[in-house]
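Data block below; observations after.
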Amino acid sequence: MRRLWLALLALTWLALLPAGADAAEPLPTLTGRVTDLTATLDATQRGRLEAQLAAIERSRGAQVAVLLLPSTQPEAIEAFGIRLAEAWKIGHKGADNGVIVIVAKDDRTMRIEVGYGLEGAIPDAVAKRIVAERMAPRFAAGDFFGGLLAAVEALDRAIGGDAPAA
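Count along the sequence shown from 1, then add 2; that gives the number in the working numbering.
Written as structure tokens, this is what we have:
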């Protein structure tokens, strides 16, 4: 009887597990510092962001990338962000000093995924604050470039040791 109960419990537990990584959507290919799969940014805007991100790497040593995609569904943006960070490997080897700004435009979700090497400079609270105070208001007004630029500037300040201003 005990063996039957344990077998039923195990089957129930397996049925409740989310679909594995094989069921997840394929990850986009890293094509540059800014990957826009939504055609939201024009060439000038993308170039300006790329230049800002290159300047951060030169002055701070940290690597920052931006991804705009339609959706992360069926995955939550948090799980998608972790998978993306593991695949893209933004940041220098051994330093893990990378950041990925993820915007799932159709889902209306944003996330800043921070490598372990920058968690002291950009803890979760700071990343969430940048999303809530810098990106979200501009995105709500239809200014995606302005929101991304404000987020990148706040990340630059945080990486440099200055907390983002409210």
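Quick reminder that beta carbons are idealized off the backbone N, C-alpha and C, glycines included.
(request) State the Cα-Cα distance for the pair I161 and A123, rounded to the nearest angstrom. (result) The C-alpha of I161 lies about 5 Å from the C-alpha of A123.
(request) Determine the DSSP secondary structure at L70, reduced to helix, strand or coil. (result) Secondary structure of L70 (DSSP, three-state): strand.
(request) Please classify E77: is it buried, with 16 or more other beta-carbons within 10 angstroms of its beta-carbon, or exposed? (result) Looking at its Cβ environment, which holds 16 or more other Cβ atoms inside 10 Å, E77 is buried.
(message) Rounded to whole angstroms, what is the Cα-Cα separation between I132 and V101?
(response) Going by the C-alpha atoms only, they are around 13 Å apart.
(message) For the beta strand (DSSP E) containing D98, name the first residue and the last one.
(response) Here D98 belongs to no beta strand (DSSP E), and DSSP marks it neither H nor E.
(request) Return the CA-CA distance between T42 and G144, expressed in angstroms with no decimal places. (result) Going from the Cα of T42 to the Cα of G144 covers about 10 Å.
(message) Using beta carbons (cut-off 8 Å, strictly below), is Q54 in contact with chain B?
(response) This model lacks chain B altogether, as it is built from one protein chain only.
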